[in-house]
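Novice: Before anything else, here's the structure in question.
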Amino acid sequence: MAIIKPFCAIRPSREKAAKIAALPYDVYNREEAKEAVRKNPESFLKIDRAETLLGDDVDTYAPEVYQKAHDVLWEMVEDGSFIQDKQKCYYIYELTMDGRVQTGIAACASIDDYERGVIKKHENTRAEKEADRIRHVDACNAQTGPIFLAYRANQAINAVVGSVKQQEPLYDFVAEDGIRHRVWAISGDGQIGGIEEAFAQVGEIYIADGHHRAASAVRVGQERREAHPGYTGEEEFHYFLSVLFPDEELMIMDYNRVVKDLNGLTPEGFLAKVSQAFEVALQGAEPVKPEKKGVFSMYLQGKWYRCAIRPGDIPDGPVESLDVSILQEKLLAPVLQILDPKTDSRIDFVGGIRGLGELERRCKADCAVAFAMYPTSIHELFAVADAGMLMPPKSTWFEPKLRSGLFIHALD
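Just so you know, the sequence shown maps onto residues 6 to 417 in my numbering.
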């Protein structure tokens, strides 16, 4: 039973939404973030990554960075760049990429549901990344980046969403990357009640993307509870900003691997070892995407190979049966001696949005071999989370990315 609440969003004025909306803070390095803000001074990135407004000599995690984020956010509220709704609403957030539409509901999820496991995770968080967002949320007194949640599709929710989408949207713009963004408010009492009741019947909700943001929001909520022992449970710090999508509309892209060297093997010797573990077929010089689960493509010395897992070699278990796990256990670890892909500097990960051409480019620039994976499915993600297990690092790449700055959740 999930608690998913409406809230009074702080959101951009209609005329500024397209300029303010920004990709998530963690898709940029510092130099890229600074350039993005230079090109678009209204970008929300200047709040999510406030070091972009300070000198290069200021550490990314210095106290003045978080204070700057607070100051800029609330200055933009004061000058009308952001407005705050007076009535608690749910918000419909629709993204369209290459003709494919996915529609989520922006709302607030419960930190208690996170701690009880009603909201399920599939990856660990890193302490330093978590600490950064804790300080950001605490300093801003607001959650600025939504957590991407998924749930099994519900017809009652679909019906309300379909009805509200017949109205004029609050926002409708196409971003520089070609993604169309549309937002509506669900403000009618009956519709709000219907959404809240429908989510109360949803058994499990899953973090698709944003594990660090979720963990940070929960930690801040816990700290606020300790600081306010007389809390009622209705305070905003008990909840965290989310956008929830039905599973049937989500697309996970491939998350591919490139490796710097062949662990001392010749290309011929390496190929022989790969052929011992997989059924390998030369495809030629043209890029080849794997066509189904159990198959990956390998790029080696200017040639593409189709590599198939032998049916009898597919292990049981929600984690063990993932293609990324099989590649790790049957090839990366035993042949290339990459025992911990989280820490080994010889391996790198390339999101599927970059295409197979990026794998070829990396092999010409600084790598010896590349592996193009078949995408992990949303139902594989659900199975891993339901089992209380964790996926290998870099198992899923979701597109399109949710924009930051369209919805902000103030903590009081």
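C-beta: ideal position from N, C-alpha, C; glycine also. Keep in mind that this is a model prediction, so the values were computed, not measured.
Between Asp345 and Lys265, how many whole angstroms is the CB-CB distance? I'm expecting something under 8 Å.
Specialist: Actually they are not in contact, since the Cβ atoms of Asp345 and Lys265 sit about 15 Å apart, beyond 8 Å.
Novice: Once the 5 residues before and after Ile25 are set aside, which same chain residues still bring their CB inside 6 Å of it?
Specialist: Cβ neighbours of Ile25 beyond the five flanking positions: Pro17, Glu47, Phe49 and Gly410.
Novice: Going by the CB atoms, is the gap between Ala27 and Asp53 shorter than 8 Å?
Specialist: In this structure, Ala27 lies closer than 8 Å to Asp53 by Cβ.
Novice: Going by the beta-carbon positions, is the gap between Ile210 and Leu249 smaller than 8 Å?
Specialist: Cβ distance < 8 Å, so Ile210 and Leu249 count as in contact.
Novice: Among Glu254, Leu336, Met6 and Arg43, whose alpha-carbon lies nearest the alpha-carbon of Tyr285?
Specialist: First, the amino acid is wrong: residue 285 is Val here, not Tyr. It is Leu336.
Novice: Buried or exposed for Met303, going by 16 or more other Cβ atoms inside 10 Å?
Specialist: Per the 10 Å Cβ criterion, buried.
Novice: Given this structure, state the Cα-to-Cα distance separating Gly299 from Asp318, to the nearest angstrom.
Specialist: Looking at the two C-alpha atoms, the distance is approximately 10 Å.
Novice: Whose C-alpha, out of Val77, Leu78 and Glu56, is nearest the C-alpha of Pro68?
Specialist: Cα-wise, what sits closest to Pro68 is Glu56.
Novice: Whole angstroms are fine: how far does the CA of Thr401 sit from the CA of Pro292?
Specialist: Between Pro292 and Thr401, the C-alpha separation is close to 21 Å.
Novice: Just list the residues that DSSP pairs Ile191 with in beta bridges.
Specialist: Ile191 is bridged to Tyr95.
Novice: Quick check on the burial criterion: 16 or more other C-beta atoms within 10 angstroms. Buried or exposed for Leu416?
Specialist: By the neighbour-count rule (16 or more Cβ atoms within 10 Å), Leu416 is buried.
Novice: Counting C-beta neighbours from all protein chains within 10 Å, is the total for Thr381 16 or more, i.e. buried, or is it exposed?
Specialist: Thr381 should be labelled buried.
Novice: Please say whether Met102 and Asn261 have beta carbons closer to each other than 8 Å?
Specialist: No, the pair does not count as a contact, with Cβ atoms beyond the cut-off.
Novice: For Ser405, which residues from the same chain have a beta carbon less than 6 Å from its beta carbon, with the 5 sequence-adjacent residues on both sides left out?
Specialist: The sequence as given places Pro at residue 405; Ser does not occur at that position. Result list for Pro405: Leu100, Met102 and Ile184, in chain order.
Novice: Would Val263 be called buried (16 or more neighbouring beta carbons within 10 Å of its own) or exposed?
Specialist: Classification for Val263: buried.
Novice: Might you give, ordered along the chain, the residues of its own chain that have their beta carbon closer than 6 Å to the beta carbon of Val340, omitting 5 neighbours on each side?
Specialist: Lys278.
Novice: When DSSP labels each residue in this structure, what does Asn45 get in the three-state scheme?
Specialist: In the structure shown, Asn45 sits in coil (DSSP, three-state: anything other than H, G, I, E or B).
Novice: Relative to the alpha-carbon of Ala111, which residue among Ile352, Trp189 and Asp391 has its alpha-carbon at the smallest distance?
Specialist: Answer by Cα proximity: Trp189.
Novice: For Gln342, does the three-state DSSP call read helix, strand or coil?
Specialist: Gln342: coil per DSSP, three-state reduction.
Novice: Between Ile197 and Ile124, what straight-line distance do the alpha-carbon atoms span, to the nearest angstrom?
Specialist: Ile197 and Ile124: Cα-Cα distance of roughly 21 Å.
Novice: Please name the residue, chosen from His127, Glu231, Thr108 and Gly362, that lies closest to Ala392 on a Cα-to-Cα basis.
Specialist: Closest option to Ala392, Cα to Cα, is His127.
Novice: Going by beta-carbon coordinates alone, are Tyr244 and Val207 separated by less than 8 Å?
Specialist: No, they are not a contact pair.
Novice: Can you tell me the Cβ-Cβ gap for Ser330 and Pro398, rounded? I've got them flagged as a contact below 8 Å.
Specialist: With a Cβ gap of about 11 Å, Ser330 and Pro398 do not count as contacting.
Novice: Give, in chain order, every unbroken run of the beta strand (DSSP E) that is at least 3 residues long and sits entirely within the stretch 351 to 381.
Specialist: Correct list: 352 to 356 and 374 to 377.
Novice: Run through DSSP, which three-state label would Val264 get?
Specialist: The answer is strand: DSSP assigns Val264 an E or B state.
Novice: What beta strand (DSSP E) runs, 3 residues minimum, are completely inside the stretch 85 to 134?
Specialist: You should have 87 to 89, 95 to 102 and 105 to 115.
Novice: Closer than 8 Å is the cut-off here; do at least three beta carbon pairs connect the stretch 86 to 97 with the stretch 225 to 245?
Specialist: Taking 8 Å as the limit for Cβ pairs, the verdict is that the stretch 225 to 245 does not touch the stretch 86 to 97.
Novice: Between which two residues does the beta strand (DSSP E) carrying Glu284 extend?
Specialist: It spans Phe283 to Gly289 - the beta strand (DSSP E) in which Glu284 sits, taken as one unbroken run.
Novice: Please state if the CB of Gln288 and the CB of Tyr310 are separated by a distance shorter than 8 Å.
Specialist: Taking 8 Å as the Cβ cut-off, Tyr310 and Gln288 qualify as a contacting pair.
Novice: Whole angstroms are fine: how far does the CA of Phe301 sit from the CA of Leu332?
Specialist: Their Cα atoms are separated by approximately 9 Å.
Novice: Let me know the beta strand (DSSP E) ranges lying completely inside the stretch 162 to 213, each 3 residues or longer, listed in chain order.
Specialist: Runs found: 176 to 179 and 185 to 191.
Novice: Leaving out five residues on either side along the sequence, give the residues of the same chain with a beta carbon under 6 Å from the beta carbon of Arg367.
Specialist: Around Arg367: Val263.
Novice: Rounded to a whole number of angstroms, what is the C-alpha to C-alpha distance between His141 and Val165?
Specialist: So the two alpha carbons sit approximately 34 Å from each other.
Novice: For the candidate residues Ser168, Gly109, Thr271 and Asp137, whose alpha-carbon lies nearest to that of Ala158?
Specialist: Among Ser168, Gly109, Thr271 and Asp137, the Cα nearest to that of Ala158 is on Gly109.
Novice: I think His414 touches Ala220, with their Cβ atoms under 8 Å apart; what is that distance to the nearest whole Å?
Specialist: Contact doesn't hold; Cβ gap of about 16 Å is too wide.
Novice: Have a look at Ile257 and Ala74 and give me their C-alpha separation to the nearest angstrom.
Specialist: Each residue's alpha carbon lies about 32 Å from the other.
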